[in-house]
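Q: Numbering (this note's numbering), first residue to last: 71 to 373. Encoded as structure tokens, here's the structure I'll be asking about.
Spelled out as structure tokens, the structure:
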């Protein structure tokens, strides 16, 4: 127990330190993040994830390291697909580029908390009710088929029940007030930036419903599940600014992700009869995603 507490505590301290450095030092003042800077940050987060994976290998062994790497690749890939939705949300609300980093920072901080709750609940349910594995598996297969069949994603913030509740009970200013979420006028008023944050947070909550069962199909180790999720999420913001202008290039990515979801769902459904080796799962996930990216690059438009 002491060993586990030390492990979780050390990782939590690392994450909080990195977030504090990000917001308090490197991005203390609101500014536009250019592509070169975003690429440097993306490379740093990927390098940190791989370095951590090396630590997992030395500490836990090959199986745990493969599980982390598979989970990280899976979550990172799902995160890339989520970037399309975040781009549409920020465009829908016409969020100035200079304020987008702050919205995504606090959105990701909220995502880390929500993922921790989802993972604890998911692992607890599987340990107590093993049959829930088949529910998760069937849900992933259904999600994959639905993703494959859907066309271009559409954003309808006005249908978001949390946002409607916020606007009903909290007065909102007409225009953005710098990078502030609240301003003091005759009373405390929310700004449109808070509205955008609420939409981002509730959208990520929906993403977690897919991503957490997907990684639980790879491993049930809560530490591996959470750390792979965290590294994928921490790199999400910089990846957004690096890929924002190139997202339309990956028009076949969601087809690849749909096949991945069906694959991991089938892995869960068949787990009682046959346990797919982690190295095979890693190869399948990476191979499917590489094929979808290659197809997108070879045929960049429908013409």
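Just so it is clear, CB atoms sit at the ideal spot from N, CA and C, and this is done for glycine as well. Just so you know, these numbers come straight off a predicted model, no measurement behind them.
1. At 4 residues or longer, what runs of the alpha helix (DSSP H) sit wholly inside the region 167-245?
2. Roughly how many angstroms lie between the CA atoms of residue 45 and residue 75, to the nearest whole one?
3. Nearest to residue 356 by CA position, among 134, 334, 207, 291, is which residue?
4. In chain order, what residues of the same chain have a beta carbon less than 6 angstroms from the beta carbon of residue 373, not counting five sequence neighbours either side?
5. May I ask you to report which of helix, strand or coil DSSP gives residue 252?
6. Taking three-plus beta-carbon pairs below 8 angstroms as touching, is the region 196-209 in contact with the region 278-292?
7. Measure the Cβ-Cβ separation of residue 188 and residue 278 and say whether it is below 8 angstroms.
8. Taking the alpha helix (DSSP H) that residue 108 belongs to, which residues open and close that run?
9. Can you tell me which of the three DSSP states residue 340 falls into?
10. For residue 354, which beta-bridge partners are listed by DSSP?
11. Report all residues from its chain with a CB closer than 7 angstroms to the CB of residue 81; omit the five preceding and five following residues, and keep chain order.
12. Please classify residue 345 as buried or exposed, where buried requires at least 16 other C-beta atoms within 10 Å of its C-beta.
13. For residue 260, which of helix, strand or coil comes out of DSSP?
14. Given that a residue counts as buried once 16 or more other Cβ atoms are within 10 Å of its Cβ, and exposed if not, what is residue 170?
15. With distances taken from CA atoms, which of 343, 283, 265, 329 is nearest residue 159?
16. Return helix, strand or coil for residue 289, following the three-state DSSP convention.
17. Rounded to the nearest angstrom, how far is the Cβ of residue 217 from that of residue 324, given a contact under 8 angstroms?
18. Going by CA-CA distance only, name the one from 77, 150, 134 that's closest to residue 281.
19. Per the contact definition of three or more C-beta pairs closer than 8 angstroms, is the region 123-133 in contact with the region 302-312?
A: Once the coordinates are examined:
1. 167-198, 202-219, 231-239
2. Coverage of the chain is limited to positions 71 through 373, which leaves residue 45 absent and any answer about it impossible.
3. Taking the first residue of the chain shown as 1, we reach residue 356 at position 286. Residue 334 is the option with its Cα nearest to residue 356.
4. Locating residue 373 in the chain shown gives position 303, where the first residue counts as 1. Residue placement at residue 373 cannot be trusted, given a pLDDT of 44 that sits under 50; what the coordinates show is reported in the next sentence. Same-chain partners within the cutoff: there are none.
5. The residue given as residue 252 occupies position 182 in the chain shown. Looking at residue 252 - three-state DSSP - the assignment turns out to be strand.
6. yes
7. Here residue 188 is taken as the residue at index 118 of the chain shown, counted from 1. Here residue 278 is taken as the residue at index 208 of the chain shown, counted from 1. Going by C-beta atoms, residue 188 is nearer than 8 angstroms to residue 278.
8. Mapped onto the chain shown, residue 108 falls at position 38. Residues 105-130.
9. The sequence position of residue 340 within the chain shown is 270, counting from 1. The answer is coil: DSSP assigns residue 340 none of H, G, I, E or B.
10. Translated into the one-based positions of the chain shown, residue 354 becomes position 284. According to DSSP, residue 354 bridges with nothing at all.
11. Within the chain shown, residue 81 is the residue found at index 11, counting from 1. So the list reads 297, once near-sequence residues are dropped.
12. Position 275 of the chain shown, counting from 1, holds the residue named residue 345. Looking at its Cβ environment, which holds fewer than 16 other Cβ atoms inside 10 Å, residue 345 is exposed.
13. Taking the chain shown and counting its residues from 1, the one referred to as residue 260 is at position 190. Residue 260 falls in the strand class under three-state DSSP.
14. Position 100 of the chain shown, counting from 1, holds the residue named residue 170. So residue 170 ends up on the buried side.
15. Looking up residue 159 in the chain shown gives position 89. Cα-wise, what sits closest to residue 159 is 265.
16. Position 219 of the chain shown, counting from 1, holds the residue named residue 289. Here residue 289 sits in coil by DSSP.
17. Numbered from 1 along the chain shown, position 147 holds the residue referred to as residue 217. Numbered from 1 along the chain shown, position 254 holds the residue referred to as residue 324. Confirmed, Cβ separation roughly 6 angstroms.
18. Translated into positions along the chain shown, residue 281 becomes position 211. Among 77, 150, 134, the Cα nearest to that of residue 281 belongs to 150.
19. no
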